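*Asks:* The following block contains the structure, expressed as structure tokens.
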Amino acid sequence: MSQTYYTILTKLGAELLANATALGIPLKLTSMAVGDGNGSIPKPIATQTALVNEVRRASLNSLSVDKNNPNQIIAEQVIPENEGGWFIHEIGLYDDKGNLIAVGNCPSTYKPKLAEGSGRTQVIRMIIVVDNIDSVALKIDPSVVLATREYVDESIKKNVPITRKINNKELKQDIVLNAVDINALPALKKRNGHEYIFGVSEKTEFEQRPLLNGSELICLADYKYEINDSVIVLRRADGLIIQCFKAMFFGVDGINGTVAPLPIAFPKSFYFALSSDGADGCHAVSALPNTQESVRLFGKVGDIYVDSLLQVIAVGR
């Protein structure tokens, strides 16, 4: 069976690598691009100087030698969750002068963006084989890139001594700290001579709060509330407002979402919204602030937008 997905050096890339080896001047790989291949998965061609249809190009996030194969270079790019809305069918690796050094294809992958109601961070990895690893400069600009979890973990292993200790307990493995280790008060100590309530101690008091049996807990007296049918509105003295209500997303609205009015408008700011499926079924739902008077709703079953009833909590001021 012939290989379907693969990466090759372009003719120009092979020439530049050979020239870098001969002159002793490393080639600087700086960016990666992805494309949708105009709707199909193209076969990489050595004479290519560009992707079939590039949709995004950005700096590399990581460039390193494969620790299991010293002749393989691994280039990575992280696409954040707020970018997307296209398929990834092709990948290109570029040097600092914009030359296409390597080109590859990959299985069809759709990269959603957050505005569509389903965002994710996507890591794109390209592996190329070189004869002389010294012909490539393994450096990136750390000021313009994101770091993957794997990169951070490896950096910590290299730079944080494993012999550091907390109260003579080495940080080589998970450790358990007790109250003495962190100079904590007992959880159930009496406060100001009063009997404790829910373990409130001298270190966890809340100043200027209504007293409840001698304690200073945050309590329901902080809030005024209104209940009207299935709508609940909580108001705090400092202006914080929490609204709980149900609203419908209509599948015909698709990626644009359904804009639904809030029970009451927020006078100053709409901070965030939380949502859950408000009816029988297994819908993936989300809610986002739209204006101070409205919220934008989304609902899916699998990859299909469908009519969905959402239970929404909106927080603002």
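Every letter in the sequence shown is one number past the one before it in the numbering used here, and letter 29, counting from 1, is 408. Glycine is no exception: its CB is placed at the ideal position from the N, C-alpha and C atoms. None of these values were measured; they are calculated from a predicted model.
#1: Would you mind giving the Cβ-Cβ distance between Ile-507 and Thr-386, rounded to the nearest angstrom? I have them listed as a contact below 8 Å.
#2: On the criterion of 16 or more Cβ atoms from any shown chain inside 10 Å, does Glu-469 qualify as buried, or is it exposed?
#3: Taking just the CA atoms, how far does Val-694 sit from Thr-488?
#4: Per DSSP, Glu-433 forms a beta bridge with which residues?
#5: Any idea what DSSP makes of Ile-683, helix, strand or coil?
#6: Could you say which of Pro-646, Thr-670, Gly-630 lies nearest to Phe-677 if we only look at CA atoms?
#7: Could you check the C-alpha separation between Gln-382 and Asp-632 for me, to the nearest Å?
#8: Is Gln-690 closer than 8 Å to Lys-625 when the C-beta atoms are compared?
#9: Skipping 5 residues on each side, what residues in its chain have a beta carbon closer than 6 Å to that of Glu-495?
#10: Could you say if the region 442-461 and the region 415-425 meet the contact criterion of at least three C-beta pairs nearer than 8 Å?
#11: Could you check where the beta strand (DSSP E) with Ala-652 kicks off and where it finishes?
#12: Tell me which residue opens and which closes the alpha helix (DSSP H) that Thr-400 is part of.
#13: Can you name the start and end residues of the beta strand (DSSP E) that Val-637 belongs to?
#14: When you compare the CB positions of Gly-414 and Asn-432, do they come within less than 8 Å of one another, or not?
#15: Using only CA atoms, which one of Gly-483, Val-502, Lys-492, His-662 lies nearest to Thr-389?
#16: When burial is assigned at 16 or more other CB atoms within 10 Å of the CB, is Ile-683 buried or exposed?
#17: Pick from Lys-476, Val-434, Ala-652: whose alpha carbon is nearest that of Trp-465?
#18: Looking at C-alpha atoms only, which residue of Val-515, Pro-486, Asp-510, Lys-492 is the closest neighbour of Phe-504?
#19: Quick one: Cα of Pro-449 to Cα of Ile-512, how far?
#20: Helix, strand or coil for Ser-580, going by three-state DSSP, please let me know.
#21: Can Val-685 and Ile-643 be called in contact, C-beta distance under 8 Å?
#22: For Tyr-473, count the other beta carbons within 10 Å of its own beta carbon; 16 or more makes it buried, fewer makes it exposed. Which is it?
#23: Exposed or buried, Lys-490, counting other C-beta atoms within 10 Å across all chains shown (16 or more means buried)?
#24: Beta-carbon within less than 6 Å of Gly-618's beta-carbon, same chain only, minus the 5 sequence neighbours each way: which residues are those?
*Replies:* In terms of the structure at hand:
#1: 6 Å
#2: buried
#3: 35 Å
#4: Gly-414
#5: strand
#6: Gly-630
#7: 41 Å
#8: yes
#9: Ile-634
#10: no
#11: Where Ala-652 is concerned, the enclosing beta strand (DSSP E) stretches over 649-656.
#12: Element bounds for Thr-400: 390-402.
#13: Note that residue 637 is Thr in the sequence shown, not Val. Note, Thr-637: beta strand (DSSP E), 637-640.
#14: yes
#15: For Thr-389, the nearest C-alpha among the options comes from Gly-483.
#16: exposed
#17: Val-434
#18: What sits at residue 504 in the sequence shown is Arg, not Phe. Nearest C-alpha to Arg-504: Pro-486.
#19: 8 Å
#20: At Ser-580, the pLDDT of 47 sits below 50, so the modelled position is not reliable; the number obtained from the coordinates is stated separately. Ser-580: coil per DSSP, three-state reduction.
#21: no
#22: buried
#23: buried
#24: Arg-696
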